[in-house]
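Residues 22 to 176, numbered by the working numbering, are exactly what the sequence shown covers, in order.
Reviewing the structure listed below.
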Amino acid sequence: MLYINASFSQETSIQKERQFDFWIGDWDVYTFQTDSLVGKSKITSILNGKGIKEEYTSFDKSYQGTSLNTYNSKRERWEQYYIDITGLVLHLYGGFKENTMSLMNQVVMAEGMLLNRITWQPLDHGEVRQRWTQSNDNGKTWIVIFDGRYRQTQF
């Protein structure tokens, strides 16, 4: 009986490692609900499916960012480590619920606590919506930092 439970547990972990696979691909990134192209993003599966790597470049190439994403089975959560050319560093964590990947973090600042929340949601036609919001009042109100729609790049 223990063997069966171990197999089930391993299968569940593998399924969780695949929850973010909908984001994998070569994407044109648009401001949500517009045809305004803001960048390109290449999302690849790495390390035999154990991780996902993001490489984002703005349309005018003035901004670049990269993230590494993985399901941490010991903590039973998704984690993202994001860096960009401005020196921004984010370590986000969360999970997949109700058809949405939601990752968050808290940053201690001189003015108080800043919350970051980034969500990815699969849309119709194989598109993905990414929305980044921030709160400086412990989640009572949120401002939108970025709201984008990912469309598969057409070759």
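No residue lacks a Cβ here, since even glycine has one placed at the ideal position from N, Cα and C.
Nearest to I106 by alpha-carbon distance, out of I164, T78, Q54, K161, is T78.
Contact annotation: M125 and L109 have beta-carbon atoms that are not nearer than 8 Å. In the three-state reduction of the DSSP assignment, S34 falls in the helix class.
The DSSP-derived three-state label of G147 is helix. For the pair S62 and R152, the Cα-to-Cα distance works out to about 15 Å. In the DSSP annotation of this structure, G108 is not part of any beta strand (DSSP E), being labelled neither H nor E. Distance between N69 and E132, taken at the CA atoms: about 42 Å. Here K74 is bridged, per DSSP, to T65, L89.
Taking the Cβ atoms as the reference, Y51 lies roughly 7 Å from R172, within the contact range of under 8 Å.
In this structure, I64 and I45 form a Cβ contact; the two beta carbons are roughly 5 Å apart against a cut-off of 8 Å. Between R98 and G115, the gap from beta carbon to beta carbon is short of 8 Å. When the Cα atoms are used, L111 and G147 turn out to be separated by approximately 27 Å. A residue is called buried once 16 or more other Cβ atoms fall within 10 Å of its Cβ, and S88 is buried on that count.
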